[in-house]
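Peer 1:
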Amino acid sequence: MSTNIDNITSLLLLSTSATAFAMETETNADNWLVSANQHQIIHNAKIAAETGQNVTLTTKILSDLSDNHFELVEVGDTGYMIFDPQSGKYLEEALDSPSPYLGLSENLYYFGPLNYYQLSGDKFVHTVIHNEYDMSFAECRSLQSAFDTALQNSRTQKDTEVLALMQTNLNSRASVNRLQSHFSARATNKYIPNYKYIKNAIYPANENNTCGYTAACLILNYWHKVKGNVIDSSFLDSNGNLKTTGNTLQDKLLSYGKSNSSWGLTIRDVLIDYCNEYGVAATSTYYVTNFDIFAEVGRNRPVIVFGYFPDSPGQVQSRGKVFHAVTAYGTSTSGLVTKLIVHYGWSGYSHVTLDGGLVGSSTQFVLN
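By numbering that gives the first Met the number 0, the letter at position 23 of the sequence shown is numbered 22, and the numbering carries on one by one without gaps.
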């Protein structure tokens with residue numbers, strides 16, 4: 000580890016992406032460049048701790064419509080982190096997933112987890128799922144409002160040690176030792192039992208804003224694998240996995256919800272309807288806030304987590320293209336900050352560490 004840190008301090012500035020700061024205004028571009036180069040040392044130390052390797056990183060600046068700026072750290076073709084300089088926290092970490100902005104360098108926008116955009120003309124184009132999640136400027140204003148709420152909540156808890164490191168001369172020996180001490184070990188991950196039933200699940204694709212139903216499939220599939228007799232055989236293939244074509248479990252769940260859009264209450268009712276029809280003894284509850292999410296994972300149960308909602312939660316249609324559901328199945332602790340480990344419901348994004356301050360409502364499910 001010491002060798003990695005020493006290499007970082009001497010070689011860092013050579014690895015910073017030249018396109019990383021293109022979106023800064025002329026009035027603060029120089030200061031931001033200096034700060035971002037300082038931050039790059041921290042990012043390298045973080046990656047060295049997590050991977051045991053000193054790798055070349057690319058840093059890009061992501062913006063939103065409220066004049067916030069975030070640092071996207073790309074680790075080659077696979078691996079990324081999104082850093083918030085205001086809180087000193089990595090809002091997302093996924094070292095086994097491709098960066099949502101891989102190969103892109105200009106007009107990059109971030110409106111929270113799963114909301115990755117590039118401004119093209121007068122339209123915001125989703126960088127992972129094209130067309131389906133594309134938005135107008137007005138729609139992104141609504142998205143920004145929700146992200147403002149989530150970001151405010153996230154920033155109530157800061158990584159004070161990282162913020163302090165950002166203000167020091169990171170080329171000094173004392174700062175190197177401090178960095179080495181702070182990133183002396185990988186984050187401590189804790190998982191629910193048999194978590195790979197979620198992480199490695201085969202499931203119907205998340206299409207046309209069906210993320211809540213995709214998460215419900217993952218939850219039901221988990222309990223079926225662990226306890227049995229949860230999923231009707233008509234929704235399973237010959238290997239006992241969820242069917243991904245034809246009449247799938249997701250299609251059945253959608254028939255209860257009557258709309259692709261969903262939030263915590265919708266999915267709770269869908270899970271109850273399914274269990275009532277197929278004679279599964281279970282309990283499902285939902286919370287409008289992020290109350291009890293970490294505790295539920297601590298009880299060794301997966302939980303469906305949704306983003307923040309607009310002021311009127313009853314306006315489901317206004318949320319349909321905006322808010323996503325993910326499935327939490329573990330926690331990750333680094334220093335004083337504990338985050339969720341989640342499955343995004345997208346192929347290639349099954350193990351993402353997510354800042355808990357960015358999540359809103361939740362749906363819980365347990366067999367009786």
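Every residue gets a Cβ at the ideal spot worked out from N, C-alpha and C, and that includes glycine.
State the Cα-Cα distance for the pair S153 and N367, rounded to the nearest angstrom.
Peer 2: Roughly 34 Å separates the two Cα atoms.
Peer 1: At 3 residues or longer, what runs of the beta strand (DSSP E) sit wholly inside the segment 66-95?
Peer 2: The qualifying runs are 68-73, 79-83, 88-93.
Peer 1: Nearest to T187 by alpha carbon, out of T332, E91, W345?
Peer 2: Among T332, E91, W345, the Cα nearest to that of T187 is on T332.
Peer 1: If contact is defined by three or more beta carbon pairs under 8 Å, each pair taking one atom from either stretch, is the segment 67-76 in contact with the segment 92-104?
Peer 2: With the cut-off at 8 Å, the segment 92-104 and the segment 67-76 touch.
Peer 1: Tell me whether the beta-carbon of Y343 lies closer than 8 Å to the beta-carbon of V336.
Peer 2: For Y343 and V336, no; Cβs fall outside 8 Å.
Peer 1: What number of angstroms, rounded off, separates the C-alpha of P203 from the C-alpha of K251?
Peer 2: Approximately 11 Å between the Cα atoms of the pair.
Peer 1: If you compare alpha carbons, which of W345, Q151, G334, L353 is closest to S180?
Peer 2: Cα-wise, what sits closest to S180 is G334.
Peer 1: Confirm, please, whether the CB-CB distance from Y285 to L264 is below 8 Å.
Peer 2: Yes; because the gap between Cβ atoms is below 8 Å, this pair is in contact.
Peer 1: What are the residues that DSSP puts in a beta bridge with I391?
Peer 2: As displayed, the chain neither begins before 0 nor continues past 367, which places residue 391 out of reach and without an answer.
Peer 1: If you run the structure through DSSP and keep just helix, strand and coil, what is H38?
Peer 2: Of the three classes helix, strand and coil, the one that applies to H38 here is helix, per DSSP.
Peer 1: Along the chain, which unbroken stretches of the alpha helix (DSSP H) at least 4 residues long are found entirely within the segment 94-156?
Peer 2: Fully enclosed alpha helix (DSSP H) runs of 4 or longer: 136-153.
Peer 1: For a test of the three-state rule: what should DSSP assign to F305, helix, strand or coil?
Peer 2: Three-state result, F305: strand.
Peer 1: Using beta-carbon positions only, say whether F182 and Q143 come within less than 8 Å of one another.
Peer 2: No. Outside cutoff.
Peer 1: In this structure, how does DSSP classify N289 when only helix, strand and coil are distinguished?
Peer 2: Three-state DSSP puts N289 in coil, outside helix and strand.
Peer 1: Would the segment 239-259 count as touching the segment 155-165 if we require 3 or more Cβ pairs under 8 Å?
Peer 2: No: fewer than three Cβ pairs fall under 8 Å.
Peer 1: Which residue comes first and which comes last in the beta strand (DSSP E) that contains Y190?
Peer 2: Taken as a continuous stretch (DSSP letters only), the beta strand (DSSP E) holding Y190 covers 187-190.
Peer 1: Mind checking who S333 pairs with in its DSSP beta bridge?
Peer 2: S333 pairs with V336.
Peer 1: Given a threshold of 16 other Cβ atoms within 10 Å of its Cβ, counted over all protein chains shown, does N114 qualify as buried or as exposed?
Peer 2: Buried, by the Cβ-count rule.
Peer 1: Is V229 helix, strand or coil by DSSP?
Peer 2: Reduced to three states, the DSSP call for V229 is coil.
Peer 1: How about S65 and D147: are their beta carbons less than 8 Å apart?
Peer 2: Yes, the pair counts as a contact, with Cβ atoms nearer than the cut-off.
Peer 1: Around the C-beta of Q39, are 16 or more other C-beta atoms found within 10 angstroms, so that it is buried, or is it exposed?
Peer 2: Buried, by the Cβ-count rule.
Peer 1: Decide if F305 is buried, meaning its Cβ has at least 16 other Cβ atoms within 10 Å, or exposed.
Peer 2: Flag for F305 reads buried.
Peer 1: Cβ atoms of H42 and I61: under 8 Å apart, would you say?
Peer 2: First, the residue type needs correcting, since residue 61 is Leu and not Ile in the sequence shown. No, they are not a contact pair.
Peer 1: Measure from the alpha carbon of G359 to the alpha carbon of each residue in S232, N207, V161, V325, then state which is nearest.
Peer 2: The shortest C-alpha separation from G359 is found at V325.
Peer 1: Taking DSSP as the reference, what is the three-state secondary structure of A294?
Peer 2: Residue state, collapsed to three classes: helix.
Peer 1: Distance, Cα to Cα, F220 vs T77?
Peer 2: Per the sequence presented here, residue 220 reads as Asn, with Phe not at that position. Taking the straight line joining both Cα atoms gives about 28 Å.
Peer 1: DSSP three-state label for S283, please.
Peer 2: Three-state DSSP puts S283 in a strand.
Peer 1: Can you give me the start and stop residues for the beta strand (DSSP E) that L353 sits inside?
Peer 2: First-last of the beta strand (DSSP E) with L353: 351-353.
Peer 1: When the Cα of A294 is compared with those of T362, Y255, L248, R267, which residue comes out closest?
Peer 2: The option with the nearest alpha carbon to A294 is T362.
Peer 1: Going by DSSP in three states, V358 sits in which element: helix, strand or coil?
Peer 2: V358: coil per DSSP, three-state reduction.
Peer 1: Go through its chain and collect everything with a Cβ distance to L169's Cβ below 6 Å, but skip five positions before and after it.
Peer 2: Excluding residues within five positions, the ones whose Cβ falls inside 6 Å are Q37, I40.
Peer 1: So, with DSSP's three-state summary, where would you put H342?
Peer 2: In the structure shown, H342 sits in a strand (DSSP, three-state: E or B).
Peer 1: Beta-carbon within less than 6 Å of F82's beta-carbon, same chain only, minus the 5 sequence neighbours each way: which residues are those?
Peer 2: Closer than 6 Å at the Cβ level, and outside the excluded window around F82, lie E70, Y89.
Peer 1: Give me the residue from A44, L339, G356, G329 with the minimum Cα distance to V175.
Peer 2: Of the candidates A44, L339, G356, G329, the one whose C-alpha sits nearest the C-alpha of V175 is A44.
Peer 1: Indicate whether V365 and A281 have their beta-carbon atoms separated by less than 8 Å.
Peer 2: Against a cut-off of 8 Å, the Cβ pair of A281 and V365 comes out as a contact.
Peer 1: Identify the continuous alpha helix (DSSP H) that holds S174 and give its terminal residues.
Peer 2: That run of the alpha helix (DSSP H) goes 172-181.
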